[in-house]
Amino acid sequence: MKERLEALKHEALEQLGKVADAGQLNDLRVKYLGKKGALTEILRGMGSLSAEERPVIGQIGNEVRSAIETLIEEKQAHFERLETEARLTAEKVDVTLPGRPLKQGAIHPLNQVIQQIEDIFIGMGYSIAEGPEVETDYYNFEALNLPKNHPARDMQDSFYLTDDLLMRTQTSPVQARTMEAMKGEVPVKIICPGRVFRRDDDDATHSFQFHQIEGLVVGKNIRMSDLKGTLLEFTRKMFGPHTQIRLRPSFFPFTEPSVEVDVTCMKCGGGGCRVCKHTGWLEILGSGMVHPRVLEMSGYDPEQYSGFAFGMGVERIALLKYGVDDIRYFYNNDQRFLQQFARV
Ligand code: DAH
């Protein structure tokens, strides 16, 4: 039995000497010291020993166990050290590396256009007015001389929420709201930027929701020439000092007379190109002299006061100004598109 114990010790220590990782080490621990391991197996035979032999063999057994345990512990410590070292190397932090730059946000191109237009009109003494996106039928249509069942309501297919409430189809209702709030005082000189909604299928040039900027001036002796001068000043600041404008007769229920306003094509300078369909002109807004009925309904006597109004689509202006060919780019939030408008 003594020989078997010595042989076991010799074998175990030799095996442990060759162990390559913590997993193998654990296997050997089970193999030699486990409950069903080799040492237990040998010592189970102690029952058949004489009383003198038993303590001697018992002691040798203990020595063999502790020799194996000691080596296992040493190996264990060795593997743990290796692991820690490996982790330290892998996780090394280079404190001299430059930091990751934070991505900087920028103002959305549509908001940039809105701000630019606001600045131009503020410079001409206008203030900014706002109105609700959920609007009553009265302000969106009736107060703008579009009574129920008026055929011109079809020009703007609407999202109705109830019989009387809808998503506003235009920023023009802010005209009526502002005049009402001013209670007959003049001058009224406002622009109203905001979002509007129409039942339209989205494509390169249409969207069910877009932005408009409305303008309204009411006072004494406001004439068509004031409208023309104002729009010329605006378009020159917006598109460049050589811009010309052209007024074409049109129809809007809330203005009389009504005009559509074209500017010289900013792509070709008026010579004719694909963008302006070879006319040299681009339509950018609707406008006219405020209809006497509209003044009257909102508390201004048309015998004493007159005014002009205009409305433009922000997306259309942005498309033309930046030469973008699809309105959907403005809504998709693709960084590669938006980044081009970032002002550093
Ligand atoms: N609200 C019109 C539209 O959405 C645009 C417009 C035209 C506004 C003429 C006006 C105006 O104030 O006078 O088509």
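FYI, UniProt numbering numbers position 197 of the sequence shown as 197, with every residue one higher than the one before it. Just so you know, even glycine gets a beta-carbon here, dropped at the ideal spot from N, CA and C.
| Asked | Found |
| --- | --- |
| Cβ-heavy atom distance, Gly288 to the ligand DAH, below 7 Å | yes |
| Residue span of the alpha helix (DSSP H) that contains Asp119, given as start and end | Pro109 to Gly123 |
| Ala309 CB to nearest heavy atom of the ligand DAH below 7 Å | yes |
| Residues near Asp137 in its chain [Cβ-Cβ closer than 6 Å; skip 5 each side] | Asp164 |
| Reduced DSSP secondary structure (H/G/I, E/B, other) of Glu135 | strand |
| Residue from Asn140, Ala129 and Met179 whose Cα sits closest to the Cα of Tyr160 | Asn140 |
| Enclosing beta strand (DSSP E) for Met1 [first to last residue] | It is not in any beta strand (DSSP E) - Met1 carries neither H nor E in the DSSP assignment. |
| For Thr243 and Thr264, believed in contact at Cβ under 8 Å, the rounded distance | 5 Å |
| Alpha helix (DSSP H) runs wholly inside the stretch 215-264, at least 4 long, in chain order | 224-239 |
| Three-state secondary structure assigned by DSSP to His291 | coil |
| Opposing strand residues paired with Ala309 [DSSP bridges] | Leu216 and Gly288 |
| Alpha carbon of His108 to alpha carbon of Phe341, nearest angstrom | 7 Å |
| Inter-residue spacing [alpha-carbon to alpha-carbon] between Lys189 and Leu227 | 12 Å |
| As assigned by DSSP and simplified to three states, the class of Gly299 | coil |
| Alpha helix (DSSP H) segment containing Val174, residue limits | Pro173 to Met182 |
| Entirely enclosed alpha helix (DSSP H) segments - the stretch 53-93, minimum 4 residues | 53-90 |
| Inter-stretch contact (C-beta, 8 Å, three-pair minimum) for the stretch 272-288 and the stretch 165-177 | no |
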